[in-house]
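So the sequence lines, in the order shown, correspond to chains A and B. First residue of the first sequence: 0, per numbering that gives the first Met the number 0; consecutive thereafter. First residue of the second sequence: 0, per numbering that gives the first Met the number 0; consecutive thereafter. All C-beta atoms, glycine included, are put in the ideal place defined by N, C-alpha and C.
Protein chains: 2
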Amino acid sequence: MSFDARIRAAIEGDIRSGALRPGDKLPSEHELAAQHGCARATVSKAMAALHHAGLIERRRKAGSFVADQHVHSAVLEVPDLAQLIEARGHVYRWQRLSREQDGAELHVTGLHYEGDTALALESRTIAVATVPDAMDESFDAIAPGTWLLAHIPWTSARHRIRAVGASAEEAQALGIVENTACLILERSTWRADAPVTTVRQVFRGDLFDMVAHFEPSPR
Amino acid sequence: MSFDARIRAAIEGDIRSGALRPGDKLPSEHELAAQHGCARATVSKAMAALHHAGLIERRRKAGSFVADQHVHSAVLEVPDLAQLIEARGHVYRWQRLSREQDGAELHVTGLHYEGDTALALESRTIAVATVPDAMDESFDAIAPGTWLLAHIPWTSARHRIRAVGASAEEAQALGIVENTACLILERSTWRADAPVTTVRQVFRGDLFDMVAHFEPSPR
DNA sequence: CGTGACATTATGTCTAGACATAATAATCGA
DNA sequence: TCGATTATTATGTCTAGACATAATGTCACG
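What follows is the structure, given as structure tokens:
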């Protein structure tokens, strides 16, 4: 274990055990460096990591303080459906239902199958201006999400998760009773401020859930 | 903008624009330092940040490479309900329904009101061994989540999000029709491996959703 | 032809010191 | 006493160099 990681672990332990409480002042970097017998840059690295993890607040001149319990945030796993389904031991299959071009937008709908049951109904809009290659793709055999993942560099994304009862059409496509509770995942992605795609996935509530983890000290 | 942030932004821009594609090799730290006219430690700091953000992979001797498009993950906001409701311009109120002690576990149920409508039904279990102070608290006026936030140091947490139709009891408590789609948030928290609390919140699907963001370069 | 020893290389970590910056504390003048 | 200026202090960033570490490529030897 590296030196800075050890310093970091020591302080983190004090915080998580309650020995240091929110608002408490930590020793200055100089003092910590002297205590641990290392250079200030090493302490600084450890403190920067703690700050990044949200465990401490830092104010020039004032010093470093244990942060208040913050708004809960967690890392949400948004799995690739094909991976998820195969991890569950089933066969994944994509079935395209429709593909329409409407000016600068390409609309694709389809079903994600887990074995023989339809798990999710997807309706997607792709911005042709940002992804011109999509015009040449039928999305007949490959799901647009998978295709886009391989064709478009990094994006930022906004997700919205809701619960709604299935509409008549959705229920029919998924083979469930109308108004059954479904988990809706809506995702919009951008590539450097240019819109890439917007997708709405309707999941059968009885077959799917999402998981999120919160760790103050990831990695 | 600091030097290392500028170097980082330059490389990140190349990646996001597609000039550098997944798998491409980046110049070595020495080369980048020479190019930018700075010390290697500064480049190293920028590269460490890019690595932390998941944009690049680093291998000793081999070099640094643009990372493959990874599994989607996003930062999920798990809001404090009181804050959320007040931000929406309504009055928040907690109404405790029950409180029972069962050996080492304390069970509390109650309703989170947004104005006059019940937004969520909460059933919570608190581990008395980890949080002995909870025994002296009635949770009559203060929601257990709020109380715990103020009394327990950092925790790790696991969240599960599902959609289910409301049961008869849930529907009655929330004042909705049975089987209406609801968003279920289940959260378990630990304090250094000791269980703290497990909570199940049933939200009216028509009044609540969750939001998650994904940014390759947070902060 | 395969294998183990060795040199090479790029990252990982660290040092001792420097200057910049922001915020607080102290001081001085009106 | 109030307010503006100045000094102090802790963090923020950076440098130039050092050694550690891990992985790769090379090369001689069997």
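For the beta strand (DSSP E) that contains A:Gln200, what are its first and last residues?
Against the first sequence, residue 200 of chain A aligns to sequence position 201. Ala193 to Arg203 is the span of the beta strand (DSSP E), which, as asked, contains A:Gln200.
Return the CA-CA distance between B:Ala47 and B:Ile6, expressed in angstroms with no decimal places.
Within the second sequence, residue 47 of chain B is the residue found at index 48, counting from 1. Within the second sequence, residue 6 of chain B is the residue found at index 7, counting from 1. Rounded to whole angstroms, B:Ala47 to B:Ile6 spans 12 Å at the Cα level.
Between the C-alpha atoms of B:Glu177 and B:Phe64, what's the straight-line distance to the nearest angstrom?
The residue labelled residue 177 of chain B in the question sits at position 178 within the second sequence. The residue labelled residue 64 of chain B in the question sits at position 65 within the second sequence. Inter-residue distance for B:Glu177 and B:Phe64 is about 54 Å (C-alpha atoms, whole angstroms).
Taking the C-alpha atoms as reference points, what is the distance between A:Asp67 and A:Ile183?
Here the question's residue 67 of chain A lines up with position 68 in the first sequence. Here the question's residue 183 of chain A lines up with position 184 in the first sequence. Looking at the two C-alpha atoms, the distance is approximately 33 Å.
Check distances from the C-beta atoms of the stretch 136-153 of chain A to those of chain B and list, in chain order, the residues that come in under 7 Å.
The residues in question are Leu148, Pro152 and Trp153.
Could you please give me the residues that DSSP links to B:Met209 through a beta bridge?
On the second sequence, residue 209 of chain B is found 210 positions in, with the first residue counted as 1. In the DSSP output, where bridge partners are listed per residue, B:Met209 has A:Ile160.
Taking 8 Å as the CB-CB limit, is A:Ala211 close to chain B?
Within the first sequence, numbered from 1, the residue matching residue 211 of chain A stands at position 212. Chain B, which has a Cβ nearer than 8 Å to the Cβ of A:Ala211, makes this yes.
Report the residues of the stretch 35-56 of chain B with a CB closer than 8 Å to any CB of chain A, ordered along the chain.
His51 and Leu54
Start and end residues, alpha helix (DSSP H) containing B:Asp3
Locating residue 3 of chain B in the second sequence gives position 4, where the first residue counts as 1. Per DSSP, B:Asp3 belongs to the alpha helix (DSSP H) from Phe2 to Ser16.
Taking B:Arg39 as part of the alpha helix (DSSP H), name the residues at either end of that continuous run.
As a first step, residue 39 of chain B is located in the second sequence; it is residue number 40 there, counting from the start. According to the DSSP assignment, B:Arg39 belongs to the alpha helix (DSSP H) that extends over Arg39 to His51.
For the stretch 59-92 of chain B, list every residue whose C-beta sits within 7 Å of some C-beta in chain A, in sequence order.
Answer set for the stretch 59-92 of chain B: Gln68, Val70, His71, Ser72, Ala73, Val74, Leu75, Glu76, Val77, Pro78 and Asp79.
If we define contact as Cβ-Cβ less than 8 Å, is A:Val163 a contact residue for chain B?
Position 164 of the first sequence holds residue 163 of chain A. True, the Cβ-Cβ gap to chain B drops below 8 Å.
For A:His35, the first and last residue of its enclosing alpha helix (DSSP H):
Looking up residue 35 of chain A in the first sequence gives position 36. Where A:His35 is concerned, the enclosing alpha helix (DSSP H) stretches over Glu28 to His35.
Proximity winner among A:Gly36, A:His35 and A:Ile14, relative to A:Leu49 (alpha-carbon distances):
Start at 1 with the first residue of the first sequence, and residue 49 of chain A comes out as number 50. If we check each option's Cα against that of A:Leu49, A:Ile14 comes out closest.
Looking only at its own chain, which residues have a Cβ that is under 6 Å from the Cβ of B:His35, when we skip the five neighbours before and after it?
Numbered from 1 along the second sequence, position 36 holds the residue referred to as residue 35 of chain B. Result list for B:His35: Ile6, in chain order.
For B:Leu148 and A:Arg199, what's the separation of their Cα atoms in angstroms?
By one-based count along the second sequence, residue 148 of chain B stands at place 149. By one-based count along the first sequence, residue 199 of chain A stands at place 200. If I take the Cα positions, the gap works out to 34 Å.
How many whole angstroms separate the CB atoms of B:Arg98 and B:Ser137, which I take to be in contact at a CB cut-off of 8 Å?
Taking the second sequence and counting its residues from 1, one reaches residue 98 of chain B at position 99. Taking the second sequence and counting its residues from 1, one reaches residue 137 of chain B at position 138. Right, their Cβ atoms sit about 7 Å apart.
Look at the alpha carbon of A:Phe201 and the alpha carbon of A:Thr145, and state the distance between them as a whole number of angstroms.
Sequence index remark: in the first sequence, residue 201 of chain A carries index 202 (1-based). Sequence index remark: in the first sequence, residue 145 of chain A carries index 146 (1-based). Going by the sequence as given, residue 201 of chain A is Val instead of Phe. Their Cα atoms are separated by approximately 17 Å.
Proximity of A:Arg123 and A:Val107 at Cβ, strictly below 8 Å:
One-based indexing of the first sequence puts residue 123 of chain A at position 124. One-based indexing of the first sequence puts residue 107 of chain A at position 108. A contact, by the Cβ cut-off of 8 Å.
Can you round the beta-carbon distance between A:Asp3 and A:Ala45 to whole angstroms, since I take them to be within the 8 Å contact cut?
On the first sequence, residue 3 of chain A is found 4 positions in, with the first residue counted as 1. On the first sequence, residue 45 of chain A is found 46 positions in, with the first residue counted as 1. Contact flag correct, Cβ pair sits at about 4 Å.
Does the beta-carbon of B:Ala142 have 16 or more other beta-carbons within 10 angstroms, so that it is buried, or is it exposed?
Translated into positions along the second sequence, residue 142 of chain B becomes position 143. So B:Ala142 ends up on the buried side.
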